[in-house]
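**Student:**
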Amino acid sequence: MATSLRNIIVVGGSFVGRTTAQELARIVPSTHRVLLTEPHSHFHHLFTFPRFAIVPGQEHKSFIPYTGIFNASPNSSSHGVIQARVLSVKPTHIELDREWQGSKEVPFDYVVLATGTRLSKPAAMDDDDKASSVEYLKKHQAGVKKSQSILIVGGGAVGVQMATDLKEYYPEKEVTVVQSRPHLMPSFHSALHDLIKRRFDELGIRLITSSRVTVPPGGFPNDGSTFGVQLTNGTTESTQFVILATGQTPNNQLVADLKSSRPDGESVVNPDNGFIRVRPTMQFLDEQYSTLFAVGDIADTGAQKAARPGSAQATVVAKNIQALIEGRTAEDKFVKGPGAIHLTLGMKHNVIFRNPNTAEGQTEPWINAKDDGREDMNVEAMWERLGISVENPRQYHL
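Position one of the sequence shown corresponds to residue 1 (the UniProt record's numbering), numbered consecutively onward.
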């Protein structure tokens, strides 16, 4: 990589970060290069983790090399991936946890934070290498297989998908979901809860709402023995395996040192939710940081935390950085739409659900239920999006 090139750094290589890096590499001039920084050795296909933590034989497909990510871009050899953890973002450079090209500091003209949120295992992996992550999924599969009763904590997308996959793949097992709210998936129209509840009833999944699980300091044993799980409603559930599918903690620690210059003193991070305050252009709200952008789950846009709105934000960022490079004003804006989700409800059954667009006077959601799901969740398509055409199944082990 030529050192004379100007750096555009994308921090975080998950779905939205990957999309942002590819969008930027497609349109930036040859004077600039895109550097994607990511501590994981491989792209983590998060949407497959809930299933592959239960169903064996596909887990190695969840981790995709970054080697082909810029293959379709002009000047593809100029761009690159830095496997390192970003410790801090400064106004003009990032600080890494290891040296890259002789330094732990990498300067930039523009930086895009796509750091997302931290999730509980098995919705996310602790390890940075593929082998350890694959081994964890296999171990989780084995724990599920040997347990007759399983309790899932959390009624969001991960909890719902794991419950329906689990009960369909192992119909003889007892599956219970504990949800702290009165409804499942509460950020969506109540019709989604009703739809999921019908599916739970079809499969024989037990649902407990309006109660929380008390997690002991050392966690749950999950060793095949039967143990009690205390709920805040005063009851105790007996189970052999607990899956935590709760909580998203914003990865905002990288900007902790950035001071506010706003007259109202508003901080870079919204203290109410932990997300980075942004303008509709996806630039940081604080105008002294106009070369700093945030996209996806970490950005405080008010939009649903999902890949689809994140991808739209990635396009906005790429166009605005292109404009700034060319000496123009960043004018492209992200417009929040109604929340939507593609949710699996078993091995084949799935639904695309979109909340009503109240701005257009809609009062009812749009629902498209299908039975075209595949066990491997069509993972090959994601490999292709990362520039790898799979011609032999052995390639999935790369």
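Beta carbons: idealized from backbone N, C-alpha and C, even for Gly.
#1: Which whole-angstrom value describes the C-beta separation of Q288 and S261, a residue pair presumed to lie in contact below a C-beta threshold of 8 Å?
#2: Using a Cβ-Cβ cut-off of 8 Å (strictly less than) and excluding sequence neighbours within five positions of P171, which residues of its own chain qualify?
#3: Which same chain residues, not among the five before or five after H193, have their C-beta less than 7 Å away from its C-beta?
#4: According to DSSP, L285 sits in a beta bridge with which residue or residues?
#5: Since S78 contacts L5 with CB under 8 Å, what's their CB separation in whole angstroms?
#6: Using the three-state DSSP reduction, which class does Y110 fall into: helix, strand or coil?
#7: In terms of residue numbering, what span does the beta strand (DSSP E) encompassing D97 cover?
#8: Determine the direct distance from the alpha carbon of A330 to that of P56, and round the result to whole angstroms.
#9: From V81 to G102, what does the alpha carbon distance come to, in whole angstroms?
#10: Mind pulling the beta strand (DSSP E) runs of 3 or more residues that sit fully within the segment 5-36?
#11: So for L345, helix, strand or coil by DSSP?
#12: So the alpha helix (DSSP H) V351 belongs to, where does it begin and stop?
#13: Going residue by residue through the segment 184-214, where are the continuous beta strand (DSSP E) segments of at least 3 residues, counting only ones entirely within it?
#14: Can you tell me which of the three DSSP states N320 falls into?
#15: Based on the DSSP output, what are the partners of H42 in its beta bridges?
#16: From A2 to R33, what does the alpha carbon distance come to, in whole angstroms?
#17: Going by the CB atoms, is the gap between T239 and G155 shorter than 9 Å?
#18: In its own chain, which residues sit with a C-beta less than 6 Å from the C-beta of R212, not counting the 5 before and 5 after it?
#19: Tell me, please, whether the segment 115-131 touches the segment 324-338 by the rule of three or more beta-carbon pairs shorter than 8 Å.
#20: For W366, which residues from the same chain have a beta carbon less than 7 Å from its beta carbon, with the 5 sequence-adjacent residues on both sides left out?
**Tutor:** Quick answer:
#1: 4 Å
#2: Cβ neighbours of P171 within its own chain (closer than 8 Å, five residues either side excluded): L203, G204.
#3: H183, L184, M185
#4: When DSSP reads this structure, L285 sits in no beta bridge, so it has no partner.
#5: Between L5 and S78 the Cβ distance is about 6 Å, and since that is below 8 Å, they are a contact.
#6: strand
#7: 93-100
#8: 47 Å
#9: 16 Å
#10: 6-11
#11: Residue state, collapsed to three classes: coil.
#12: Taken as a continuous stretch (DSSP letters only), V351 belongs to no alpha helix (DSSP H), being part of the beta strand (DSSP E) at 350-354.
#13: 206-208
#14: Reduced to three states, the DSSP call for N320 is helix.
#15: P65
#16: Low local confidence applies: a pLDDT of 45 at A2 is under 50, so the model's placement there is unreliable, with the coordinate-based value given in what follows. Their Cα atoms are separated by approximately 9 Å.
#17: no
#18: Excluding sequence neighbours, R212 sits near S180, T232.
#19: Cβ pair count under 8 Å is below three, so no.
#20: R354
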